[in-house]
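Chemist: Each residue of the sequence shown is one higher than the one before, starting from 1 at the first, in the working numbering.
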Amino acid sequence: MSAFVTDAGDSGLPLTGERTIPGLAEENYWFRRHEVVYRRLLDLCAGREVLEAGCGEGYGADLIASVARRVVAVDYDEATVAHVQARYPRVTMLAGNLAALPLPDASADVVVNFQVIEHLWDQPQFVAECARVLRPGGLLLMSTPNRITFSPGRDTPINPFHTRELNAAELAELLTGGGFQMRSMSGVFHGSGLVAMDERHGGSIIDAQIERALADAAWSDDLLADVAAVRCEDFALLDEGERDIDDSLDLVAIAVRV
1 MSAFVTDAGD SGLPLTGERT IPGLAEENYW FRRHEVVYRR LLDLCAGREV LEAGCGEGYG
61 ADLIASVARR VVAVDYDEAT VAHVQARYPR VTMLAGNLAA LPLPDASADV VVNFQVIEHL
121 WDQPQFVAEC ARVLRPGGLL LMSTPNRITF SPGRDTPINP FHTRELNAAE LAELLTGGGF
181 QMRSMSGVFH GSGLVAMDER HGGSIIDAQI ERALADAAWS DDLLADVAAV RCEDFALLDE
241 GERDIDDSLD LVAIAVRV
């Protein structure tokens, strides 16, 4: 969401609003909010052939490569492809369109797709491609902003790079209609430390960041300090039985190719 911050951080890639990057203080909240899902689902990739469809900066694919047998990453952006090839040598990087994945049928054990589906114009076609490249019984791991809390009360996404956002029921319907069986639906929530930050920043540390980005305004020292201090451990990933998933920040689906 920090679309007006264009520094490259540690990654060497500019921040465009389409991806998050490591090493940039103003982007740290969003980076950690994405990172927690990689870390919590990492064990599902251990010893397996993994495709990350839409890898962005590549930090997640490299993290997966620390436990997987092999990681292939796909992205359409030429600068991103070159960056990942140079920075993360244990990731096999391919340029490609997610609507026509450049992999053979039944060639992957796991497909990872975090914070990407909301950017795609033809979401059912992408899900069909995931089913095609997965072996029977393979896993699709997907995260996406929860439409209910990310763009509340809007008919169109607040983020100009998003085409269609989903709630939990819509995400489950998309996956089951594309050849998958749901294994679980979880949600990302603020833990106690982030709840305290919400209280310090007018009720929402998210809104405090967005307001400054939209106004292209300077960050206050206290907001920047809090955002820079966020850790992935400050987020909670909770199942449907623990919290109402419709209240979550992000949705996290695990689905099995049938």
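Think of the CB as a built atom: it goes at the ideal place given N, C-alpha and C, for glycine as much as any other residue.
Could you check where the beta strand (DSSP E) with residue 138 kicks off and where it finishes?
Modeler: As a first step, residue 138 is located in the sequence shown; it is residue number 138 there, counting from the start. Residues 134-145.
Chemist: On the DSSP bridge assignment, give the partners of residue 186 in chain order.
Modeler: Locating residue 186 in the sequence shown gives position 186, counting from the first residue. BP columns for residue 186 point to 239, 252.
Chemist: Please name the residue or residues paired with residue 279 in a DSSP beta bridge.
Modeler: Residue 279 lies beyond the residue range present for the chain, which begins at 1 and ends at 258; the question has no answer from this structure.
Chemist: Going by the beta-carbon positions, is the gap between residue 182 and residue 240 smaller than 8 Å?
Modeler: Taking the sequence shown and counting its residues from 1, one reaches residue 182 at position 182. Taking the sequence shown and counting its residues from 1, one reaches residue 240 at position 240. Cβ distance not < 8 Å, so residue 182 and residue 240 don't count as in contact.
Chemist: Enumerate in chain order the residues of its own chain whose CB-to-CB distance from residue 244 is below 6 Å, with the five nearest sequence positions on each side excluded.
Modeler: Mapped onto the sequence shown, residue 244 falls at position 244. So the list is empty, once near-sequence residues are dropped.
Chemist: Between 221, 203, 169, which lies nearest to residue 246 when the distance is taken from Cα to Cα?
Modeler: Within the sequence shown, the letter at position 246 stands for residue 246. Cα-wise, what sits closest to residue 246 is 169.
Chemist: Going residue by residue through the region 146-226, where are the continuous alpha helix (DSSP H) segments of at least 4 residues, counting only ones entirely within it?
Modeler: 147-150, 168-176, 192-200, 205-215
Chemist: Label residue 156 either buried or exposed according to how many other C-beta atoms from any shown protein chain fall within 10 Å of its C-beta, with 16 as the threshold for buried.
Modeler: Along the sequence shown, one-based indexing puts residue 156 at 156. Per the 10 Å Cβ criterion, exposed.
Chemist: Report the residue from 166, 255, 59, 91 whose alpha carbon sits nearest the alpha carbon of residue 119.
Modeler: Residue numbering aside, residue 119 sits at position 119 when the sequence shown is read from its first letter. Minimum Cα distance to residue 119 is reached at 166.
Chemist: Name the DSSP bridge partner or partners of residue 257?
Modeler: As a working mapping, residue 257 is identified with position 257 in the sequence shown. In DSSP, residue 257 forms a bridge with 180.
Chemist: How would you label residue 58, buried or exposed, when you count the other beta carbons within 10 angstroms and need 16 or more for buried?
Modeler: Your numbering for residue 58 matches position 58 in the sequence shown. With 16 or more other Cβ atoms within 10 Å, it is buried.
Chemist: What's the call for residue 214, buried or exposed, on a 16-neighbour Cβ count within 10 Å?
Modeler: Counted from its first residue, the sequence shown places residue 214 at position 214. So residue 214 counts as exposed.
Chemist: Per DSSP, what kind of secondary structure is residue 62 in: helix, strand or coil?
Modeler: Within the sequence shown, the letter at position 62 stands for residue 62. Correct three-state label for residue 62: helix.
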